[in-house]
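Engineer: From first to last, the protein sequence lines are chains B and G.
Take 1084 as the starting number for the first sequence in the working numbering and just add one per residue.
Take 3 as the starting number for the second sequence in the working numbering and just add one per residue.
By construction, the Cβ of each residue, glycine as well, lies at the ideal position given by its N, Cα and C atoms.
The structure displayed is predicted, hence computed values, not measured ones.
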Amino acid sequence: MAANLHEWSHACWQIVCIRDYSRVFVLIRVLIDPTAMSDTPAVSVQNLTKIFKGTLVKGAFRAVHDLSLEVKAGEVYGLIGPNGSGKSTTMKVILGLLKPTQGHTSIFGVPSTEVASRHSVGFLPENPYFYKHLNGRETLHFYGSLCGMSGARLKDRAEEMLALTGLEDAATRRVGGYSKGMLQRLGLAQALIHEPRLLVLDEPTAGVDPAGSRKIRDLIIEFRSRGITVLVTSHLLEQMQEVCDRVGIMAHGRMVREGRLEDLIAVENQTEMVLENASPALLAKINALVQAEGGGTKILRSSHPRTTLERLFLEATNETK
Amino acid sequence: MNMSDATTSSAAAMTPKVRFSPRRVWTMAMATVTQLVRMKILAFLVIFCLLAVGAGFAFSVINPEQQLNLLKSVTLGALQIFSIVIGVVSTALLIPKDMEDRTLYTILSKPVPRFDYLLGKLLGVLLLIGGGLIVMDAVLSLILWLRQSMLFEDAVARMHLEKMDTPEAVAQVREIVARQGLTWNLHWAVWAIFLKATVVTTVALLLSSIASSTLFTIVITLCITIIGHGEGLIREFFFQPHLSGWAGRAATLLLAAICPDLAQFDIVDSVVNGEIVPWAAVYDMTGIAALYVTVYLFVTHLLFVEKEL
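1) Considering residue 1370(B), what are the terminal residues of the alpha helix (DSSP H) in which it resides?
2) Give me the Cα-Cα distance between residue 99(G) and residue 66(G), rounded to the nearest whole angstrom.
3) Near residue 78(G), what residues of its chain come up, given a Cβ to Cβ distance below 6 Å and the 5 sequence neighbours on each side ignored?
4) Which residues does DSSP list as the beta-bridge partners of residue 1284(B)?
5) Could you check which residue in 43(G), 75(G), 44(G) has the C-alpha nearest to that of residue 56(G)?
6) Which of the three DSSP states is assigned to residue 309(G) in this structure?
7) With three or more beta-carbon pairs closer than 8 Å as the criterion, would you say the region 1158 to 1166 of chain B touches the region 1330 to 1345 of chain B?
8) Rounded to a whole number of angstroms, what is the C-alpha to C-alpha distance between residue 220(G) and residue 299(G)?
9) Using the DSSP secondary-structure output, state which residues sit across from residue 1135(B) in a beta bridge.
10) Does the distance from the CB of residue 1343(B) to the CB of residue 1150(B) come in under 8 Å?
11) On the DSSP letters alone, give me the boundaries of the beta strand (DSSP E) that residue 1162(B) sits inside.
12) What ranges does the alpha helix (DSSP H) occupy inside the region 1187 to 1249 of chain B, keeping only unbroken runs of at least 4 residues that lie completely in it?
13) Can you pull the DSSP bridge partners for residue 1127(B)?
14) Please work out which residues of its chain come closer than 6 Å, Cβ to Cβ, to residue 142(G), disregarding the five sequence neighbours upstream and downstream, and give them in chain order.
15) Using DSSP's beta-bridge definition, name the partner residues of residue 1036(B).
16) Determine contact between the region 1268 to 1288 of chain B and the region 1306 to 1322 of chain B, defined as no fewer than three beta-carbon pairs at a distance below 8 Å.
17) How long is the line joining the alpha carbons of residue 1219(B) and residue 1245(B), rounded to whole angstroms?
18) Given a cut-off of 8 Å on the beta-carbon distance, is the pair residue 1154(B) and residue 1132(B) in contact?
19) What whole-angstrom Cβ distance do residue 1178(B) and residue 1172(B) have, given they're in contact under 8 Å?
20) From the beta carbon of residue 1405(B), is the nearest beta carbon of chain G less than 8 Å away?
21) With a threshold of 8 Å between beta-carbons, can residue 304(G) be considered close to chain B, or not?
22) Between which two residues does the alpha helix (DSSP H) carrying residue 312(G) extend?
23) Output the distance between the C-alpha atoms of residue 1268(B) and residue 1249(B), rounded to the nearest integer angstrom.
24) With distances taken Cα to Cα, identify the nearest neighbour of residue 21(G) among 125(G), 226(G), 116(G), 89(G).
25) Leaving out five residues on either side along the sequence, give the residues of the same chain with a beta carbon under 7 Å from the beta carbon of residue 1026(B).
26) So does the region 101 to 114 of chain G actually touch the region 1199 to 1219 of chain B, counting three or more Cβ pairs closer than 8 Å?
27) Scan the region 79 to 109 of chain G for residues whose Cβ lies nearer than 8 Å to a Cβ of chain B and list them as they occur along the chain.
28) When the distance is taken between beta carbons, is residue 1123(B) closer than 8 Å to residue 1205(B)?
29) Secondary structure at residue 1405(B), three-state DSSP: helix, strand or coil?
30) Please list the partners that residue 1170(B) has in chain G, where partner means a Cβ-to-Cβ separation under 8 Å.
31) Short of 8 Å Cβ to Cβ, which residues in the region 1149 to 1181 of chain B face chain G?
32) Using a Cβ cut-off of 9 Å, pull out every chain G residue sitting near residue 1226(B), in sequence order please.
33) So which residues of chain G does residue 1216(B) contact, with C-beta pairs closer than 8 Å?
34) Using CA atoms only, rank isn't needed, just tell me which of 272(G), 165(G), 205(G), 157(G) is closest to residue 293(G).
35) Starting from the Cα of residue 175(G), find the closest Cα among 251(G), 120(G), 70(G), 96(G) and give me that residue.
36) Do we get a CB-CB distance below 8 Å when we pair residue 254(G) with the residues of chain B?
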């Protein structure tokens, strides 16, 4: 029911605010079959196997093996794994860029093999490049036009996306002169131009400096608050930890671990307690209490918590402004 | 059918289908034109204009008929080279570059059918070639008209000096100059050049949709272009009774089937010689070009729609 309400409100928002009348279908769909919609995951991957055909020299290569996963509407799902674990292949199959050898994938219930499934999705590939001869604004107009947008609606949406990604000042500059971080933000803007319900981000912070990386992370958190579902891959596990509701860990083309982040990373038999302004006497008392408890209870470590290198970097670089 | 399958089929049935969209094709085409123009690919226009002026005014030792012949021959030859080179190189560059830069991923992850993408790219290149040919046709027409007026006046003045400017002689010179000068035939020749470039560009599109190397596409397309000019010879060779061996026959048949018969569009020599191009020939050329483009585009779509990106 909550998913239904989310679906309804999102569709109404798109119809009223960005005049996307194709969303009327969503409203009708929910009216006709409310039970079906409530269970429709944003992304569904069922028993996916992808084998790349071999050549005379190289044999066939199995990139993904019997993979199943579901991303629920409105959540941020992180797909992590080492290089060559099959993350990007899985994403490409979800987006219809590759065909599955076995199994099937769908986006909000529409099979990925149908072009119509791409109405609901925005994609940011790893290290994206755009037509260098276009400037930032022209690039967004180009992608918006491909999605059927035009006129004032397209112009307003492009300006909104430029503002959201902080590229207003660079809007008239050719994309060929953009830095890596700017390209990444432009990639996010183009992925969002048609107000998708699902964002697929492949290594969104790859090659971006900590400040740019932080900006992208903040944007992902903002997308979640707006009800946009996010499927993201990254090597930067600390960042994934900050934004993801659920994660799936892939290795050798298989899902080896999946679940809610808190459940996966919690150490069940340990408790963390951070004290502020605790006197040495208090610490000694706590220590004594723990020792008196016995039965295997012990303090493993006691030290001052440290800031992260990233936080230190951001504080230091902001001080110089 | 389980619950999940039912949900999927219900959602798929209710989702509006993405159909062919001329507007989307136009968007792709305009982006392609902008890309090529900003790559300064039309610098060739300047070279052509200089060549046309040079061919029109540099040689003054030959008679009016030969001078007009030379002007048309040089400039129409340059137009053929321009259109084919631009068509092949641009097309060979575009799709592999889109794949290499991952621009194709961002485009095809939008609701864009692959056929719309292909047609947009082709249309963009053809718009560029067509636009360039229109400009060059206009420049050529202007120079030809100026040159024929000057040559006629020179010839009449010379006849007047030699006291040979009888009405019959002047009419004869006027008729020669008019036949070799600016006529509709010149525009038909440019149209034939455009049609030939269109067919060659579609062949390049087909090859670039399966090849990952730009160089491969360019070299093979140019080979097909050369073979295509000798398609008649290949057909004759195939039907010769002394040709034995299935391998030779199969290879000849394959070549004849793959390569377009580009000799169908060769009316430039006739136009240079001042012959009149009949309407029927123009219709035939246009129809043949449309057929080739349709077939090649269909095959390209079949290959590209299955391509793993």
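Structural biologist: With the given structure in hand:
1) As a first step, residue 1370(B) is located in the first sequence; it is residue number 287 there, counting from the start. From DSSP, the alpha helix (DSSP H) with residue 1370(B) extends over 1363 to 1376.
2) Position 97 of the second sequence holds residue 99(G). Position 64 of the second sequence holds residue 66(G). About 49 Å.
3) Counting from one through the second sequence, the residue named residue 78(G) turns up at place 76. Result list for residue 78(G): 191, 270, in chain order.
4) Position 201 of the first sequence, counted from the start, is the residue given in the question as residue 1284(B). According to DSSP, which records beta bridges pairwise, residue 1284(B) is partnered with 1207(B), 1315(B).
5) In the second sequence, counting from the first residue as 1, residue 56(G) sits at position 54. Answer by Cα proximity: 75(G).
6) To locate residue 309(G), count along the second sequence from 1; it is residue 307. Looking at residue 309(G) - three-state DSSP - the assignment turns out to be coil, as it is neither helix nor strand.
7) yes
8) To locate residue 220(G), count along the second sequence from 1; it is residue 218. To locate residue 299(G), count along the second sequence from 1; it is residue 297. Cα to Cα, the separation comes out at about 18 Å.
9) Locating residue 1135(B) in the first sequence gives position 52, where the first residue counts as 1. Answer by DSSP bridge pairing, in chain order: 1144(B).
10) As a working mapping, residue 1343(B) is identified with position 260 in the first sequence. As a working mapping, residue 1150(B) is identified with position 67 in the first sequence. No, they are not a contact pair.
11) Residue numbering aside, residue 1162(B) sits at position 79 when the first sequence is read from its first letter. 1159 to 1163 is the extent of the beta strand (DSSP E) around residue 1162(B).
12) 1219 to 1229, 1234 to 1247
13) Along the first sequence, read from residue 1 onward, the residue named residue 1127(B) stands at position 44. Its beta-bridge partners are 1153(B), 1189(B).
14) As a position in the second sequence, residue 142(G) is number 140, starting the count at 1. Counting only Cβ-Cβ distances below 6 Å, and skipping sequence neighbours, we find 54, 77.
15) The requested residue 1036(B) does not occur in the structure, where chain B is confined to residues 1084 to 1404.
16) yes
17) Counting from 1 along the first sequence, the entry for residue 1219(B) is found at position 136. Counting from 1 along the first sequence, the entry for residue 1245(B) is found at position 162. Cα to Cα, residue 1219(B) sits roughly 8 Å from residue 1245(B).
18) Here the question's residue 1154(B) lines up with position 71 in the first sequence. Here the question's residue 1132(B) lines up with position 49 in the first sequence. Cβ distance not < 8 Å, so residue 1154(B) and residue 1132(B) don't count as in contact.
19) Sequence index remark: in the first sequence, residue 1178(B) carries index 95 (1-based). Sequence index remark: in the first sequence, residue 1172(B) carries index 89 (1-based). With 8 Å as the limit, residue 1178(B) and residue 1172(B) do not qualify as a contact, their Cβ atoms being about 11 Å apart.
20) Residue 1405(B) falls outside the range modelled here, since chain B spans only 1084 to 1404, and no answer is possible.
21) By 1-based counting over the second sequence, the position of residue 304(G) is 302. So no, residue 304(G) is outside the interface.
22) Absent from the model: residue 312(G). The displayed extent of chain G is 3 to 311, so no value can be given.
23) Counting from one through the first sequence, the residue named residue 1268(B) turns up at place 185. Counting from one through the first sequence, the residue named residue 1249(B) turns up at place 166. Those two C-alpha atoms are separated by around 8 Å.
24) Counting from one through the second sequence, the residue named residue 21(G) turns up at place 19. Residue 116(G) is the option with its Cα nearest to residue 21(G).
25) Because chain B in this structure spans residues 1084 to 1404, residue 1026(B) falls outside the shown range and cannot be described.
26) yes
27) 103, 104, 105, 107, 108, 109
28) As a first step, residue 1205(B) must be located in the first sequence, where it is residue number 122. As a first step, residue 1123(B) must be located in the first sequence, where it is residue number 40. No, Cβ-Cβ distance for residue 1205(B) and residue 1123(B) is not below 8 Å.
29) This structure cannot settle anything about residue 1405(B), because the visible part of chain B is limited to 1084 through 1404.
30) Position 87 of the first sequence, counted from the start, is the residue given in the question as residue 1170(B). Simply none; closest approach about 15 Å.
31) 1175, 1178, 1179, 1180, 1181
32) Translated into positions along the first sequence, residue 1226(B) becomes position 143. Near residue 1226(B) (Cβ distances below 9 Å), the residues of chain G are 108, 109, 112.
33) Within the first sequence, numbered from 1, the residue matching residue 1216(B) stands at position 133. Result: 36, 37, 40, 41.
34) Taking the second sequence and counting its residues from 1, the one referred to as residue 293(G) is at position 291. The shortest C-alpha separation from residue 293(G) is found at 205(G).
35) Counting from 1 along the second sequence, the entry for residue 175(G) is found at position 173. If we check each option's Cα against that of residue 175(G), 70(G) comes out closest.
36) Counting from 1 along the second sequence, the entry for residue 254(G) is found at position 252. With 8 Å as the cut-off, residue 254(G) does not count as an interface residue toward chain B.
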